[in-house]
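J.: Residues 165 to 867 in our numbering are what the sequence shown lists, from first letter to last. Glycine is no exception: its CB is placed at the ideal position from the N, C-alpha and C atoms.
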Amino acid sequence: MPRQVKPAPDLAQQGERALSTLPGIGPAIANKLAAAGLLQLRDLWFWLPRSYEDRTRLTEIVDLRNGEVAQFEGRVASVEHGFRFRPLLRVHVQDDAGHTVALRFFHFRRQQVDQFKVGMRVRCHGTPRPGARGYEIVHPSYRLLAEADEAPLNDRLDPVYSVPESISAASMRRWVGLALEHLPADDAIELVPESDIRHLHLPKLRDALLTLHQPPADVDLALLQQGLHPAQRRIALEELLAHHLSLRRRRMSLRSEPAIALVDQQQQVEKLLAALPFKLTHAQERSLQAVIADLSAHAPMMRLLQGDVGSGKTVVAALAAMHAVGAGYQAAIMAPTDLLSEQHFKNLDAWLTPLGVRVVRLSGRVVGKARAETLKAIAEGEAQVVVGTHALMQEAIAFKSLAFVVIDEQHRFGVQQRLALRDKGLAAGCIPHQLVMTATPIPRTLAMSAYADLDVSVIDELPPGRTPIQTVAIDAQRRDELVARVQAACAEGRQAYWVCTLIDESDEIEAQAAEATLASLQERMPNLRIGMVHGRIKPKARQDTMAQFKQGALDILVATTVIEVGVDVPNASLMVIENAERLGLAQLHQLRGRVGRGTAASTCVLMYQSPLGAIARERIDTLRATTDGFKIAEKDMALRGPGELLGTRQTGLAAFRVADLMRDADLLPTLHVIADDMLLHRPTIADQLVARWVGSAERYASA
Ligand code: ADP
Ligand code: MG
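#1: Compute the distance between the beta-carbons of residue 364 and residue 344, then report whether it is under 9 Å.
#2: Would a C-beta distance cut-off of 9 Å place residue 205 and residue 346 closer than the cut-off?
#3: Quick one: any contact between the region 235 to 242 and the region 250 to 265, if contact means 3 or more CB pairs under 8 Å?
#4: Quick one: what does DSSP say residue 664 is sitting in, helix, strand or coil?
#5: Taking 8 Å as the limit between beta carbons, can you name the residues of its chain near residue 172, skipping five residues before and five after?
#6: Taking C-alpha atoms, which residue in 202, 769, 735, 756 lies nearest to residue 763?
#7: Would the region 293 to 305 count as touching the region 186 to 200 if we require 3 or more Cβ pairs under 8 Å?
#8: On the criterion of 16 or more Cβ atoms from any shown chain inside 10 Å, does residue 621 qualify as buried, or is it exposed?
#9: Can you tell me which of 611, 718, 598 puts its alpha carbon nearest to the alpha carbon of residue 651?
#10: Which runs of the beta strand (DSSP E) spanning at least 3 residues fall entirely within the region 207 to 247, listed in chain order?
#11: Report all residues from its chain with a CB closer than 6 Å to the CB of residue 177; omit the five preceding and five following residues, and keep chain order.
#12: According to the Cβ coordinates, are residue 640 and residue 453 closer than 9 Å?
#13: Where does residue 475 land, buried or exposed, given buried means 16+ other C-beta within 10 angstroms?
#14: Within the region 471 to 556, note down every full alpha helix (DSSP H) run reaching 4 residues or more, in order along the chain.
#15: Here's the rule I'm using: 16 or more other beta-carbon atoms within 10 Å means buried, otherwise exposed. How should residue 711 be labelled?
#16: In whole angstroms, what is the alpha-carbon distance linking residue 289 and residue 235?
#17: Can you list, in chain order, the residues of its chain with a C-beta nearer than 8 Å to that of residue 506? Leave out the 5 residues immediately preceding and following it.
#18: Name the two residues that bound the continuous alpha helix (DSSP H) containing residue 192.
#19: For residue 594, which three-state DSSP category applies?
#20: Using the three-state DSSP reduction, which class does residue 394 fall into: helix, strand or coil?
#21: Cα separation between residue 487 and residue 469?
#22: Is the beta carbon of residue 494 sitting closer than 9 Å to the one on residue 542?
#23: To the nearest angstrom, how far is it from the Cα of residue 827 to the Cα of residue 191?
#24: Taking only heavy atoms of the ligand ADP into account, decide whether any of them is closer than 8 Å to the Cβ of residue 467.
#25: State the Cα-Cα distance for the pair residue 852 and residue 767, rounded to the nearest angstrom.
#26: Would you please state the rounded distance, in angstroms, between the beta carbons of residue 614 and residue 473? I believe it to be under 8 Å.
#27: Does residue 703 come out as helix, strand or coil in the three-state DSSP assignment?
#28: Using CA atoms only, rank isn't needed, just tell me which of 435, 412, 286, 459 is closest to residue 844.
#29: Short of 6 Å in beta carbon distance, which residues of its chain neighbour residue 478, apart from the five on each side in sequence? Order them along the chain.
#30: Let me know if residue 850 comes out buried or exposed under the rule of 16 or more other beta-carbons within 10 Å of its beta-carbon.
#31: For residue 847, which of helix, strand or coil comes out of DSSP?
#32: Can you find at least 3 beta carbon pairs, one from the region 678 to 688 and one from the region 622 to 636, that sit closer than 8 Å?
#33: With which residues is residue 869 paired in a DSSP beta bridge?
#34: To the nearest angstrom, report how far apart residue 705 and residue 629 are at their CA atoms.
#35: Tell me, which residues are paired with residue 633 by DSSP?
#36: Should residue 545 and residue 564 be called a contact, given that it needs their Cβ atoms to be closer than 9 Å?
Quick look at the structure:
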């Protein structure tokens, strides 16, 4: 009788073992880990370190450097323990050569104090900072060593993991280590075809994971810290591929749903084109053609319209809306803020109403009877074009026949919300065509990944007749000179913005800063008419002030960043931005885009507080050198990373563990090829990749 053979355990199955099978993980801890998306051993395999601590070498105390993490050894020379405003423990450590460094503790236990005896050997790890006398290290990690202890150095770097609340770093390190013992020894975890990536000369996934979790002492730490180690590149490739596949999947599923093919029977688009006081630029025309082709198809449009501030996206959206109206359907335009929705409404109202199209605005401010009437007009289809904020549109508003939605994204609208729109669809079970507009110009290769769920049109040309903006940077100490300059400009009939920015501060503090600036400017320039807008001023008063400025009844408009969106005053040709060093490139670029809209030569003055940090200096230099949004975006990405640039929520590429779109951009062509092939021929592998990397991405981000 044949011996019963137990099937060999499938190595990949090891990965599916529950974490509670690891020592030290009981039900309570397992729950905490599960909340962070950590359920099985393999979740730990892919829970990659955030950073590393190097305990593989010792640094001489004399070689310690400000801010550079180091490990060193010495003997306790003296201990200060007392209470000066708050409890204090300071341990002076000295090496044989007599160099000293202080360890400093603000929170400590009594036994810790007693532990440090003069003459004792101690090994410490931490970040030196200049203290009262020489360097000191606040809350170092340390180990007291017995006299005879040889205390060998580590042969690997210590990984530092992000940990769910109330789980210790040491436990996490131990569990990941244990999980890695079950990492399959063969190709069981490889999902990316070797032949497709051979030319990149990257390690196998298993080796890459082990290198990243347990880097050997001789690893190239500089490469690792820059994220350029081949092991990181191998993982980044897979991670980017997974996110790309996930977006492509979403796109495919959306595109497979039915939409209404719109035909502009009344030639409304032509009518509006004829009525416009200008001719479209080539780029606008090209984008409009692409949009109209999409609208005319039975699959829902999913298109991104990318174009710098002032490139004229709104009119393209208006023309597309006319196409939908001409076909007998409703269009909706969604803006991120009420102010911007107001500006869109004004434009659309001015363009479309004379052609007999009914445009309505949905605002939180319109209440009661007026609101009920607006809603009724929308429900009955009498309102053909509806303008409102994202928030309003997401409420349960009934349309009669909504077939086209424009989303003005302005950094604030995520993939998830984009997709939620499908529920807003028509009674007939069709979903509306979508056009997403963004003023964030990103290079095409990146757009293919960041917006893989969308088709992309780019308006890469500004309307003619604009004079380039001159940008200068001025130290805030030279404020008087600047005031004189503003005064002179206004005497010539020019108008100026004076922007007070306090990033990260509350609305209220920003408003106070604006008030103070207004008072001081009024005092210095009593002959000028100065107005002010900020978030704390009632909308009605704010609108009146804006209108006055637009009509030329004000010389200077003091404003907070509320003017970033929604203002278009061609005669304003001077802009002063205070605290420019605190703003990001994208925001400065957006602000600057408020001037240079007319024919007069415009100037933007970036006022900064010195000393300028290196990055702030680079930002300011970049703005002085160019007004090209694409160049600025590239620089911005290089300085900050694309995640921040695009807003993590927006990319749908939120929580990269290893990858960085900009840094790893050279991998994109390869992964686009792999993705095409995989979606076609190996869809189940694609599923596994998406599950591995994207499934838990959001939980990863919040851990
Ligand atoms: P964006 O939304 O892309 O920042 P807007 O749509 O607000 O830009 O357009 C900026 C200004 O340029 C508006 O006043 C608009 O009417 C005007 N404009 C748009 N297209 C043209 C064009 N082809 N020629 C001249 N002016 C244009
Ligand atoms: Mg706009």
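T.: Checking against the coordinates, here is how it stands:
#1: To locate residue 364, count along the sequence shown from 1; it is residue 200. To locate residue 344, count along the sequence shown from 1; it is residue 180. Cβ distance not < 9 Å, so residue 364 and residue 344 don't count as in contact.
#2: For the purposes of this step, residue 205 is identified with residue 41 of the sequence shown, where counting begins at 1. For the purposes of this step, residue 346 is identified with residue 182 of the sequence shown, where counting begins at 1. Inclusion of residue 205 and residue 346 in the CB contact set at 9 Å is warranted, their separation being smaller than that value.
#3: When C-beta atoms of the region 235 to 242 are compared with those of the region 250 to 265, three or more pairs fall below 8 Å, so the two segments count as touching.
#4: Sequence index remark: in the sequence shown, residue 664 carries index 500 (1-based). In the displayed model, residue 664 falls within coil according to three-state DSSP, outside both helix and strand.
#5: Numbered from 1 along the sequence shown, position 8 holds the residue referred to as residue 172. Confidence in residue 172 is poor, its pLDDT being 43 and thus under 50, which makes the residue's placement unreliable; the coordinate value appears in the next sentence. No residues qualify anywhere along the chain.
#6: The residue labelled residue 763 in the question sits at position 599 within the sequence shown. Measuring from the Cα of residue 763, the nearest candidate turns out to be 735.
#7: Taking a contact to require three or more Cβ pairs closer than 8 Å, the region 293 to 305 and the region 186 to 200 do not qualify as touching.
#8: Residue numbering aside, residue 621 sits at position 457 when the sequence shown is read from its first letter. Buried is the call here.
#9: To locate residue 651, count along the sequence shown from 1; it is residue 487. Nearest C-alpha to residue 651: 718.
#10: Those beta strand (DSSP E) runs which fall completely within the region 207 to 247 and span 3+ residues are 215 to 217.
#11: Within the sequence shown, numbered from 1, the residue matching residue 177 stands at position 13. Its chain contains no residue whose beta carbon lies nearer than 6 Å to that of residue 177 once the 5 sequence neighbours on both sides are disregarded.
#12: Against the sequence shown, residue 640 aligns to sequence position 476. Against the sequence shown, residue 453 aligns to sequence position 289. No, Cβ-Cβ distance for residue 640 and residue 453 is not below 9 Å.
#13: Here residue 475 corresponds to residue number 311 of the sequence shown, with the count starting at 1. Per the 10 Å Cβ criterion, buried.
#14: If we require 4 residues or more, the alpha helix (DSSP H) runs fully inside the region 471 to 556 come out as 477 to 490, 502 to 516, 532 to 543.
#15: Position 547 of the sequence shown, counted from the first residue, corresponds to residue 711. Exposed, because fewer than 16 other Cβ atoms sit within 10 Å of the Cβ of residue 711.
#16: Looking up residue 289 in the sequence shown gives position 125. Looking up residue 235 in the sequence shown gives position 71. Residue 289 and residue 235: Cα-Cα distance of roughly 4 Å.
#17: The count along the sequence shown starts at 1 and reaches residue 506 at position 342. Excluding its 5 nearest sequence neighbours in each direction, residue 506 has C-beta neighbours in its own chain below 8 Å: 525, 527, 707, 730, listed in chain order.
#18: What you label residue 192 is simply residue 28 of the sequence shown in a count that begins at 1. Where residue 192 is concerned, the enclosing alpha helix (DSSP H) stretches over 191 to 199.
#19: Within the sequence shown, the letter at position 430 stands for residue 594. Reduced to three states, the DSSP call for residue 594 is coil.
#20: For the purposes of this step, residue 394 is taken as residue 230 along the sequence shown, with counting starting at 1. In the three-state DSSP reduction, residue 394 falls in the helix class (H, G or I).
#21: As a working mapping, residue 487 is identified with position 323 in the sequence shown. As a working mapping, residue 469 is identified with position 305 in the sequence shown. Between the alpha carbons of residue 487 and residue 469 lies a gap of roughly 17 Å.
#22: For this step, residue 494 is matched to residue 330 along the sequence shown. For this step, residue 542 is matched to residue 378 along the sequence shown. At the C-beta level, residue 494 and residue 542 come within 9 Å of one another.
#23: Numbered from its first residue, the sequence shown carries residue 827 at position 663. Numbered from its first residue, the sequence shown carries residue 191 at position 27. When rounded, the distance between both Cα atoms is 40 Å.
#24: Start at 1 with the first residue of the sequence shown, and residue 467 comes out as number 303. No.
#25: Translated into positions along the sequence shown, residue 852 becomes position 688. Translated into positions along the sequence shown, residue 767 becomes position 603. Approximately 54 Å, taken between the alpha carbons.
#26: Within the sequence shown, numbered from 1, the residue matching residue 614 stands at position 450. Within the sequence shown, numbered from 1, the residue matching residue 473 stands at position 309. Between residue 614 and residue 473, the beta carbon gap of about 19 Å keeps them out of contact (Cβ cut-off 8 Å).
#27: Indexing the sequence shown from 1 puts residue 703 at position 539. Here residue 703 sits in helix by DSSP.
#28: Within the sequence shown, numbered from 1, the residue matching residue 844 stands at position 680. That would be 412, whose Cα lies nearest to the Cα of residue 844.
#29: What you label residue 478 is simply residue 314 of the sequence shown in a count that begins at 1. Hits under 6 Å: 511.
#30: Residue 850 sits at position 686 when you count from the first residue of the sequence shown. Residue 850 comes out buried.
#31: If you number the sequence shown from 1, residue 847 lands on position 683. Helix.
#32: The region 678 to 688 is not in contact with the region 622 to 636.
#33: There is simply no residue 869 to check, as the chain begins at 165 and stops at 867 in what is shown.
#34: Walking along the sequence shown from the start, residue 705 turns up at place 541. Walking along the sequence shown from the start, residue 629 turns up at place 465. For the pair residue 705 and residue 629, the Cα-to-Cα distance works out to about 33 Å.
#35: Reading the sequence shown from its first residue, position 469 is the one you call residue 633. Beta bridge pairing from DSSP links residue 633 with 766.
#36: Start at 1 with the first residue of the sequence shown, and residue 545 comes out as number 381. Start at 1 with the first residue of the sequence shown, and residue 564 comes out as number 400. A contact, by the Cβ cut-off of 9 Å.
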